[in-house]
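Here the structure is laid out as structure tokens; the discussion comes afterwards.
Protein chains: 2
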Amino acid sequence: MSELITKGKKAKKAVTVLITKTTSQKNKALQHIADQLIHETPYILQENNRDIEHARENGVHESLIDRLILNESRIKEMSVALEQLAFLPDPTGNVLERFERPNGLIIEKIAVPLGVIGMIYEARPNVTVDAASLCLKTGNAVLLRGSSSAIHSNRALVSVIHHALELSDLPVDSVQLIEDTSRETATQMFKMNDYLDVLIPRGGKALIQAVVENASVPVLETGAGNCHVYIDKSADKKMAIDIVLNAKTQRPSVCNSIETVLVHEAWAKKHMKELVENLVERGVELRVDQNIHELFPAIVLASEEDWQSEYLDHILAIKTVSGTSDAIEHINRYGSKHSEAIITEAEDNVRSFFQLVDAAALYHNASTRFTDGHEFGFGAEIGISTQKLHARGPMGLPALTSSKYVIRGNGQIRE
Amino acid sequence: MSELITKGKKAKKAVTVLITKTTSQKNKALQHIADQLIHETPYILQENNRDIEHARENGVHESLIDRLILNESRIKEMSVALEQLAFLPDPTGNVLERFERPNGLIIEKIAVPLGVIGMIYEARPNVTVDAASLCLKTGNAVLLRGSSSAIHSNRALVSVIHHALELSDLPVDSVQLIEDTSRETATQMFKMNDYLDVLIPRGGKALIQAVVENASVPVLETGAGNCHVYIDKSADKKMAIDIVLNAKTQRPSVCNSIETVLVHEAWAKKHMKELVENLVERGVELRVDQNIHELFPAIVLASEEDWQSEYLDHILAIKTVSGTSDAIEHINRYGSKHSEAIITEAEDNVRSFFQLVDAAALYHNASTRFTDGHEFGFGAEIGISTQKLHARGPMGLPALTSSKYVIRGNGQIRE
């Protein structure tokens, strides 16, 4: 039997035990993992080092190696996050709705775990602990399929988690690592409908696309972000510039950073020079439309591709637009339905923007960088959903639950 | 350009207009459709008759023809359902959550339409009106891909809907019929991620399986039902028999009818004879396990296949079990996660059953036949979801909505 099927079966069995565990039992397990991570830090770092050496031997770029590296402070952070997670409310068991029917049936809708979650991710070993702990907190079992480049780190982390689970009341098989990191395993997981209730891909655009296009298991899509700020005619100059700088430069490599600024032509006439100067000063490379290019001939002209690009870097496209509808049209055409902002003093334009822009999070006079589970106050985040089913925007613990209806009667039959 | 792409583009455009329409404008459109259906009854029946004649010429079974037939009273029913739908609350625009962050951001989660819905269904022309009206009520555009055997009926119904939309404020392209009913069109729809936000298959198991296995567009699965009643040791004899008879015979062809009864061995010893006699008297053909077969040698022995079967007919499998855990194990192994009932006076067993059985709807001392949007008091039903993401169990209008976060600030940037 393949590793996936064997582990899938074990995971399904673990779910039937997990579901009987109390919030306090689950929290104790999280605390055990937090403790063991600290206790086993030397072992984890030693194994992580094998991955790093291997990556260096293979000439992997240092920016990718940085994502792979664990150190004492990163492990400490994981441990603290686990302790915080233990303090968050457990969404499972919550009564979401309750109603009584004229025939006397009492119907309750209860939040329940999803079941078995398949996690497919790239070379960040922190996702191993993150995914395992969020799944445990919500009573789900998880099959972790990380990258071959992090296999030693992932093995070490999962063995530490297993040891912690042995000290707790939760089944060890609640968290399992898929050792076979071949492409075929991922492809096989896409179709494991008999064992997996949901697949969560975490990583680059190519990985997510592959999962969305090929999986028959339902997917929780955590997507790419081609986000925009639209500066309306009446936008406050300083506020607009501050927000653009923040949304572009505070952390360009993340999905809620912006890639294009749309500027109302009237605002552009007055303030474009100052906006451009500020961006250039911060080391942002610009790609601009014809109008702006005429004013600043030294700046590269944007191509069609620029409007589509998620640079994830200190690069920004700028386009002038004739008004809010023009901006909305551009965003709905090129945006990735993630986070979009309008800077304006005109309430009518806010209303149209909020109604007509098709995206998970819409901002008025604020930076798109706030689209984040922690910034929203959710305490934990599984990712940011850019799909429309099940969950949209930052996903907290409730996104890892489903529901069931439980109905109590006294002999009711249907007429 | 293919019909699908052309209509997909028109649907996306219709969505941007639909979203600006008020509940009252949408309700007026529903009323217009209700009126036009009555007004155009002769035309609809004439076109429906073409489909029926064609089916008869092709030797289609009368039970299938019955699903295709429209008549005055069926059209009247559709019209009344539309009027009732107009009176139901509109879920879009509802503020689902609202919170203020310490930095002053005010975050609201608002229910919004899903966008463009692709409906793939079989030879029931009533689904055409049903799907179109539920989508309109929730501000969604819909591409309807029905069966070739109902093409004349569907064309007539959609032209009536179009005429009604012309009389209303909603865009005519909100509802479009795909004329090309080849298998290739369906397959193409599975992958139309650029134009469709969700696919809803309605029909038999094979259709639903094909969609789930092949679609990259997110799916709202309305599934098959292999449902069970478990009669526990302490079950009241009369209640148990009444519920089994109701759940099996009141309407055997629907998904919330039961296919297998599990009987505690102690209860079986006392009452099996009476249960069997009652079922046989109602014309139910039985398939039983070894224990029961020994008592009633004339009754066919059940095979492994029987536990897996959705008969949708006057056929029932019966199995004795040693207790609640045994019953739960059988259900989780063979059930389709639809509706499951326990008949018992023992509260502990109810608790285990509710906790451990993995299904959309769980009943204590009531018939599984209540799993239905109308029986749950939802007023309308899109189908019964057997998946765990987005919606589970009977789906009312809110299942046709997504959400967006709208965030109001006064210049907040992320530190």
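For the protein sequence lines, the chains are A and B, in the order given. So the first sequence is numbered by numbering that gives the first Met the number 0: it starts at 0 and just counts up by one. So the second sequence is numbered by numbering that gives the first Met the number 0: it starts at 0 and just counts up by one. Note that the Cβ used here is the ideal one computed from N, Cα and C, for glycine as well.
query                                                                                                                                                                          : result
Determine the chain A residues that contact Gln249 (chain B) at a beta-carbon separation under 7 Å, and present them in chain order.                                           : Arg413
Candidates B:Glu121, B:Glu220, B:Lys27 and B:Ala155: which alpha carbon is nearest Ile74 (chain B)'s?                                                                          : B:Ala155
How about Val216 (chain A) and Met238 (chain A): do their beta carbons lie closer than 9 Å?                                                                                    : no
For Tyr425 (chain A), which of helix, strand or coil comes out of DSSP?                                                                                                        : The requested residue 425 (chain A) does not occur in the structure, where chain A is confined to residues 0 to 414.
In terms of residue numbering, what span does the alpha helix (DSSP H) encompassing Val159 (chain A) cover?                                                                    : Ile150 to Leu166
Run through chain A and tell me which residues come within less than 7 Å of Val211 (chain B), C-beta to C-beta.                                                                : Ser215
According to DSSP, is Leu318 (chain B) helix, strand or coil?                                                                                                                  : Here residue 318 (chain B) turns out to be Lys, not Leu, going by the sequence shown. Strand.
From Leu87 (chain A) to Gly376 (chain A), what distance separates their C-alpha atoms?                                                                                         : 11 Å
Identify every residue that forms a DSSP beta bridge with Val228 (chain A).                                                                                                    : A:Val260 and A:Ala340
List, from N- to C-terminal side, the beta strand (DSSP E) runs of 3 residues or more that fit wholly inside the region 63 to 110 of chain A.                                  : 94 to 99
Closer than 7 Å, Cβ to Cβ, to anything on chain B: give me those residues from the region 177 to 204 of chain A, in chain order.                                               : Asp196 and Val197
State buried or exposed for Arg286 (chain A), treating a residue as buried only when at least 16 other CB atoms are found within 10 Å of its CB.                               : buried
Going by C-alpha to C-alpha distance, which of B:Ala301, B:Pro90, B:Gln30 and B:Asn102 sits closest to Gln289 (chain B)?                                                       : B:Ala301
Does Arg97 (chain A) come within less than 9 Å of chain B when only Cβ atoms are used?                                                                                         : no
Mind listing the chain B neighbours of Tyr362 (chain A)? Cutoff is C-beta to C-beta under 7 Å, in chain order.                                                                 : Ile406 and Gly408
List the residues of chain A that Met394 (chain B) touches, going by C-beta distances under 8 Å, in chain order.                                                               : Those within 8 Å of Met394 (chain B) in chain A number zero; the least Cβ separation is about 12 Å.
Within 10 angstroms of the Cβ of Ile119 (chain A), are there 16 or more other Cβ atoms? Answer buried if so, exposed if not.                                                   : buried
Closer than 9 Å, Cβ to any Cβ of chain B: which residues of the region 373 to 397 of chain A, in chain order?                                                                  : Glu374, Phe375, Gly376, Gln386, Lys387, Leu388, His389, Ala390, Arg391, Gly392 and Pro393
From B:Thr343, B:Ala122 and B:Val283, pick the residue whose C-alpha is nearest to that of Leu63 (chain B); which is it?                                                       : B:Ala122
Spatial neighbours of Asp371 (chain A) within its chain, please: CB distance less than 7 Å, with the 5 preceding and 5 following residues excluded, ordered by chain position. : Asn255, Glu380 and Pro393
Taking only beta carbons into account, state which residues of the region 12 to 42 of chain B come closer than 9 Å to chain A, listed in chain order.                          : Val14, Thr15, Ile18 and Thr19
For a contact meaning CB atoms closer than 8 Å, what does Gln354 (chain B) contact in chain A?                                                                                 : Ile18 and Thr19
Is there a Cβ of chain B sitting closer than 9 Å to that of Met77 (chain A), yes or no?                                                                                        : no
Do we get a CB-CB distance below 9 Å when we pair Thr370 (chain A) with the residues of chain B?                                                                               : yes
Please list the segments of the beta strand (DSSP E) lying wholly inside the region 267 to 297 of chain A, counting only runs of 3 or more residues, in order along the chain. : 284 to 287
Would you say Leu219 (chain A) faces chain B, with C-beta separation under 9 Å as the test?                                                                                    : yes
May I ask you to list, following chain order, the residues of the region 309 to 325 of chain B that have a beta carbon less than 8 Å from some beta carbon of chain A?         : none
Please report the residue range of the alpha helix (DSSP H) in which Gly392 (chain B) lies.                                                                                    : Gly392 (chain B) -> not in any alpha helix (DSSP H); beta strand (DSSP E) instead, spanning Gly392 to Met394.
Can you tell me the Cα-Cα spacing of Glu39 (chain A) and Ala140 (chain A), whole angstroms?                                                                                    : 23 Å
Could you work out which residue in B:Lys25, B:Gly117 and B:Val356 is closest to Lys12 (chain A) when comparing CA atoms only?                                                 : B:Val356
Count the CB pairs spanning the region 24 to 36 of chain B and the region 187 to 207 of chain B that are closer than 8 Å, and state whether there are at least three.          : no
Please name the residue in B:Leu69, B:Leu361 and B:Gln30 whose C-alpha comes closest to that of Cys226 (chain B).                                                              : B:Leu361
Exposed or buried, what is Gln35 (chain A) when buried is set at 16 or more other beta-carbons lying within 10 Å of its beta-carbon?                                           : buried
Please list the residues of the region 232 to 261 of chain A that have a C-beta atom closer than 7 Å to any C-beta atom in chain B, keeping them in chain order.               : Met238, Asp241, Ile242, Asn245 and Gln249
By the 10 Å Cβ neighbour count, where 16 or more other Cβ atoms means buried, how is Ser167 (chain B) classified, buried or exposed?                                           : buried
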